[in-house]
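Residue numbering for the sequence shown follows this note's numbering, starting at 261 and increasing by one per position. Just so it is clear, CB atoms sit at the ideal spot from N, CA and C, and this is done for glycine as well. Remarks on the structure that follows.
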Amino acid sequence: MANDVMQKITSLAKRRGFVFQGSEIYGGLANTWDYGPLGARMLQNIRNLWWEQFVDQSDNTYPVESGIIKSPKVWEASGHTESFADPLVECKKCHHRFRDDHVKGDKCPDCSGELTEARQFNMMFKTFVGVVEEKANTVYLRPETAQGMFVNFKNILTTERPTLPFGVAQIGKAFRNEITPGNFIFRTLEFEQMEIEYFVQPENWEESFEEWKKLMWQWLVGLGVNEKKMKWRAHKKDELSHYSKRTEDIEFEFPWGWGELYGLAYRGDFDLKNHSEKSGEDLQYEDPKTSKRFFPHVVEPTFGLNRTLLTLLVDAYSEDKERKVLKLSPKVAPYKVAVFPLVANKNDIVRKAREIHKVLSSEFAAAWDDRGNIGKRYFAQDEIGTPWCITVDHQTLEDDQVTIRDRDTAKQERVAVDKLSDWFHNKLSLFSFENGLNK
């Protein structure tokens, strides 16, 4: 049943333009994906909402945008060169590699050949700077966005003069050369993180950790995710990353079972202390009241953008005998409204519908659809999650009113054209992150 649900969601995502297989015309590249017109819109909606919630509405969070390629010394200091590895086994016959914890027994899942003993393989993508591929020119694509914030810590102190506690925020791509279990876009070679390094007084980390647990939970509920399918799970000691003293994940109940959605880690002063030691730069913070210098401790909330999209698609997917529906919150839906001329061959109706579409497009993401009959258009918009559809008909030319249909209830009402902007603004205002609730 889990496979059936995922096949339906994967098929919808491809058919409607949310997600495409990477390099598809060349047979695809495993665990890489591209995002189509609707997926790109939805990702941008999530980014914008996150930025608004955690950067624009915060008075102590400072954004950065650091580079993907950094000095290899960054990854030596952060511990990734030595510790960022997975235990893999290799088949002696077909030479396929598998995560040791994903294989049962001592035989290859693909050809039943004998497997080697588990060995550690670093998951960072390696490349070279310059035209000569030599060890001295080796660099890595970043496996996380965090280090770009740590190595710019001193620059933030100098330019912004923040006082503790404060956050540094970033949205960006990360890359991990790891063996993935499939499950569509759940785990991929290239992904995007929305991340904050929250710097605090050492004695205040637990209080901040608990506060971020609340904020992360509220954020998901505010996106419309069913909290009955969410839970916190604490990492055991043998699961903790080399930099972490405490980590908890928000897990979501996907069709195949519970899986990590977001992570919250207490990194202590590991990163700033190591970078300070390895670089020779003093990365300590000076308390403006006491003049005491010390390394702040860090609480790190990490939000996976691609997994957020997957979670929203899975959670919103619904079907009955008549139709398939994505019951997305209007905040994240690719389009807020679709505009239809009742008939596509009546110039006056089409012209009026075009005028309405143009006006609404200046304020909302508005789709235009004049294909097929009106029922098929409704069902097509239901399937991509559009909350409301407007139909311009013959009567509109007489009374300057249109029919608005609600996606979830299929109820319809007539609204004056000059009231449409207010109508949609009022509807969208009902979906708020206030108190973390999707009202």
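Pro515 beta carbon less than 7 Å from that of Met266: yes
Can you tell me where the beta strand (DSSP E) holding Asp509 begins and where it ends? Arg506 to Phe514
What residues match up with Leu524 in a beta bridge as DSSP calls it? Glu508 and Pro561
How would you label Ser343, buried or exposed, when you count the other beta carbons within 10 angstroms and need 16 or more for buried? exposed
Ser681 to Val619 span [Cα, whole Å]: 9 Å
When we look at the beta-carbon of Leu289 and count the other beta-carbons within 10 Å, is it buried (16 or more) or exposed? exposed
On the three-pair Cβ rule with 8 Å, is the stretch 587-599 touching the stretch 625-632? yes
Top-ranked residue by Cα proximity to Asp360, from Cys371, Thr376 and Leu572: Thr376
With 16 other Cβ atoms within 10 Å as the buried cut-off, status of Leu697: Confidence is the limiting factor: at Leu697 the pLDDT is only 30, short of 50, which leaves the residue's position unreliable, though a coordinate-based value still follows. Leu697 should be labelled exposed.
Beta-carbon spacing of Lys414, Leu543 below 7 Å: yes
Own chain residues within Cβ distance below 7 Å of Lys505, not counting five before or after: Tyr526 and Gly528
Going by DSSP, which residues form a beta bridge with Leu348? Arg359 and Arg379
Over the uninterrupted beta strand (DSSP E) stretch that includes Ile664, give me the two end residues. Gln661 to Asp666
Within this structure, are the beta carbons of Ala676 and Val652 separated by less than 7 Å? no
Can you tell me where the alpha helix (DSSP H) with Ala337 in it begins and where it stops? Pro332 to Ser338
Gln478 to Val574 span [Cα, whole Å]: 19 Å
Whole beta strand (DSSP E) runs in the stretch 590-624 with 3 or more residues, listed along the chain? 597-601
Rounded to whole angstroms, what's the CA-CA distance from Met384 to Leu401? Just pull it up for me. 7 Å
Restricting to Cα atoms, I'd like to know which of Pro369, Leu570, Thr423 and Leu483 is closest to Thr448. Leu570
Could you name the residues that DSSP lists as bridge partners for Ile644? Per DSSP, none; premise fails for Ile644.
Asn305 versus Thr550: straight-line alpha-carbon distance, rounded: 43 Å
Quick one: is Ile616 buried, meaning 16 or more other Cβ sit within 10 Å of its Cβ, or exposed? buried
Arg506 CB to nearest heavy atom of the ligand GDP below 6 Å: As presented, the structure is devoid of all ligands, the ligand GDP included, so that no description of it is given.
Would you give the residue range spanned by the alpha helix (DSSP H) that Arg307 belongs to? Pro297 to Trp311
Bridge partner(s) assigned by DSSP for Asp294: Phe280
State the DSSP-derived secondary structure class of Ile329, mapped to helix, strand or coil. strand
Between the alpha carbons of Phe600 and Lys581, how many angstroms are there, rounded? 24 Å
Can you tell me where the beta strand (DSSP E) holding Gln430 begins and where it ends? Phe426 to Phe435
Between which two residues does the alpha helix (DSSP H) harbouring Val481 extend? Trp465 to Gly482
Since Ser326 and Met454 should fall inside the 8 Å C-beta cutoff, what is the C-beta to C-beta distance between them, to a whole number of angstroms? 14 Å between Cβ atoms; not a contact.
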